[in-house]
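Per the working numbering, the sequence shown runs over residues 207 to 470.
First comes the structure, then the notes that go with it.
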Amino acid sequence: MKKIIIIFILAIFATSCNEYQKALKSEDMAVKLETATKLYEKEKYFKALTLFEQIAPAYKGKPQAEKLFYMQAQSYYKSRQYGLSGYHFGSFASGYPKSEKVEEAFFLAAKSYSMMSPVYSLDQVDTDKAIEKLQEFIDRYPNSQYFSEANSIVRDLKTKLEKKAFENARQFNYITDYKAAIVALDNFVADFPGTPFKEEALYYKLDSAYQLAINSVPEKMEARLNNAKASYVTLMKFKEDTKYKEKANTMLATIETELKKYNK
Numbered sequence: 207m208k209k210i211i212i213i214f215i216l217a218i219f220a221t222s223c224n225e226y227q228k229a230l231k232s233e234d235m236a237v238k239l240e241t242a243t244k245l246y247e248k249e250k251y252f253k254a255l256t257l258f259e260q261i262a263p264a265y266k267g268k269p270q271a272e273k274l275f276y277m278q279a280q281s282y283y284k285s286r287q288y289g290l291s292g293y294h295f296g297s298f299a300s301g302y303p304k305s306e307k308v309e310e311a312f313f314l315a316a317k318s319y320s321m322m323s324p325v326y327s328l329d330q331v332d333t334d335k336a337i338e339k340l341q342e343f344i345d346r347y348p349n350s351q352y353f354s355e356a357n358s359i360v361r362d363l364k365t366k367l368e369k370k371a372f373e374n375a376r377q378f379n380y381i382t383d384y385k386a387a388i389v390a391l392d393n394f395v396a397d398f399p400g401t402p403f404k405e406e407a408l409y410y411k412l413d414s415a416y417q418l419a420i421n422s423v424p425e426k427m428e429a430r431l432n433n434a435k436a437s438y439v440t441l442m443k444f445k446e447d448t449k450y451k452e453k454a455n456t457m458l459a460t461i462e463t464e465l466k467k468y469n470k
């Protein structure tokens with residue numbers, strides 16, 4: 207019984223491959239389209255794309271073109287070729303503005319660009335482009351079924367940009383350029399007031415101010431100690447139970463001890 211099943215599966219596979227090979231060599235555009243559609247429906251996207259790419263120019267302006275170009279764009283998306291799916295969904299949306307698929311195409315074009323967004327530490331050109339495209343979709347289709355997902359993706363992408371900006375600012379603390387760290391972290395908090403990285407930014411500003419103060423020349427130390435103390439207060443006002451509380455309190459104790467020398 208097992209052998210019969212295996213033989214049957216192999217026969218289907220061989221027939222399918224043979225049909226695909228015949229379509230590749232055929233000069234008949236209708237045969238290619240029919241075979242490509244079958245492959246698409248069977249989720250064999252790479253093979254379907256080979257045929258779609260062969261026949262797409264011949265079908266421009268014809269009644270079958272709308273479905274063909276939609277399947278082509280979907281095949282790029284399903285096969286994770288997001289640069290191409292973004293382009294082709296965008297072209298579909300522009301070329302068929304009255305299509306019942308136009309809203310989905312606009313969304314998937316924008317989502318395709320978001321799928322190319324790299325890790326935060328790399329260049330974020332694709333992230334910026336994805337946010338722009340998603341925002342265009344949100345503005346165009348405020349009642350879309352994809353509205354919530356689009357907003358969620360935008361939030362995630364913006365958080366990634368904030369992460370990169372925060373890490374760039376914090377880097378000055380790591381390389382012990384504390385003056386630059388204070389300025390960069392202040393700018394970061396001003397630019398992203400609602401950022402999830404605010405607690406960390408305020409802590410590293412405190413640490414930078416503290417390190418700058420205790421390593422200062424005597425004539426600058428008092429003012430810098432007071433600045434560091436102000437940074438401590440800002441952190442505690444923002445989050446009294448901060449995860450950095452123990453470290454912050456240790457810094458404050460040293461700051462207070464050093465400041466007493468100037469009160470005598």
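Using N, Cα and C, we set each Cβ at its ideal position, and we do this for glycine too.
Spatial neighbours of residue 255 within its chain, please: CB distance less than 6 Å, with the 5 preceding and 5 following residues excluded, ordered by chain position.
In the sequence shown, residue 255 corresponds to position 49, counting from 1. Answer for residue 255: 281, listed in chain order.
Which same chain residues end up closer than 7 Å to residue 453 when comparing Cβ atoms and leaving out the 5 residues on each side of it in sequence?
By 1-based counting over the sequence shown, the position of residue 453 is 247. Excluding positions up to five away in sequence, the list is empty.
Could you pull out every residue in the same chain whose Cβ sits closer than 6 Å to the Cβ of residue 248, ignoring the five residues on either side in sequence?
The sequence position of residue 248 within the sequence shown is 42, counting from 1. Taken in chain order, the list of residues that qualify is empty.
Pairing CB atoms from the segment 315-326 with CB atoms from the segment 366-376, are three or more of them under 8 Å?
Yes: at least three Cβ pairs fall under 8 Å.
Could you check what DSSP says for residue 328 in three-state terms: helix, strand or coil?
Mapped onto the sequence shown, residue 328 falls at position 122. Looking at residue 328 - three-state DSSP - the assignment turns out to be coil, as it is neither helix nor strand.
Just to confirm the assignment: which complete alpha helix (DSSP H) runs, minimum length 4, are found wholly within the segment 236-274?
Listed in chain order, they are 251-265.
Can at least three beta-carbon pairs, one atom from the segment 382-389 and one from the segment 353-363, be found at a separation below 8 Å?
Touching, no.
Nearest to residue 413 by CA position, among 429, 434, 394 and 342, is which residue?
Position 207 of the sequence shown holds residue 413. Closest by alpha carbon: 434.
Indicate the three-state DSSP secondary structure (helix, strand or coil) for residue 318 in the structure shown.
The sequence position of residue 318 within the sequence shown is 112, counting from 1. In the structure shown, residue 318 sits in a helix (DSSP, three-state: H, G or I).
Count the other CB atoms within 10 Å of the CB of residue 230; is the residue buried (16 or more) or exposed (fewer)?
Against the sequence shown, residue 230 aligns to sequence position 24. Exposed, since its Cβ has fewer than 16 Cβ neighbours within 10 Å.
I believe residue 258 touches residue 227 by the beta-carbon criterion, under 8 Å. Please report the beta-carbon distance rounded to the nearest angstrom.
Counting from 1 along the sequence shown, the entry for residue 258 is found at position 52. Counting from 1 along the sequence shown, the entry for residue 227 is found at position 21. Between residue 227 and residue 258 the Cβ distance is about 16 Å, and since that is not below 8 Å, they are no contact.
Rounding to the nearest angstrom, what Cα-Cα distance links residue 464 and residue 420 in this structure?
Numbered from its first residue, the sequence shown carries residue 464 at position 258. Numbered from its first residue, the sequence shown carries residue 420 at position 214. About 8 Å.
Check whether the Cβ of residue 343 lies closer than 8 Å to any Cβ atom in chain D.
Absence of chain D from the displayed structure is noted, only one protein chain being present.
Who are the Cβ neighbours of residue 462 in its own chain at under 6 Å, not counting the five residues just before and after it?
Translated into positions along the sequence shown, residue 462 becomes position 256. None.
Alpha carbon to alpha carbon, what distance is there between residue 331 and residue 307?
Position 101 of the sequence shown holds residue 307. Position 125 of the sequence shown holds residue 331. Computed Cα separation, rounded: 28 Å.
To the nearest angstrom, how far is it from the Cα of residue 376 to the Cα of residue 292?
By one-based count along the sequence shown, residue 376 stands at place 170. By one-based count along the sequence shown, residue 292 stands at place 86. Distance between the alpha carbons of residue 376 and residue 292 is about 34 Å.
At which residues does the alpha helix (DSSP H) containing residue 461 begin and terminate?
In the sequence shown, residue 461 corresponds to position 255, counting from 1. Counting along the chain, the alpha helix (DSSP H) containing residue 461 begins and ends at 451-469.
Distance, Cα to Cα, residue 390 vs residue 445?
Counted from its first residue, the sequence shown places residue 390 at position 184. Counted from its first residue, the sequence shown places residue 445 at position 239. For residue 390 and residue 445, the distance between alpha carbons rounds to 21 Å.
How should residue 403 be labelled, buried or exposed, when 16 other C-beta atoms within 10 angstroms of its C-beta is the threshold for buried?
The sequence position of residue 403 within the sequence shown is 197, counting from 1. Buried.
Check residue 345 in the structure and name its three-state DSSP category.
Against the sequence shown, residue 345 aligns to sequence position 139. Helix at residue 345.
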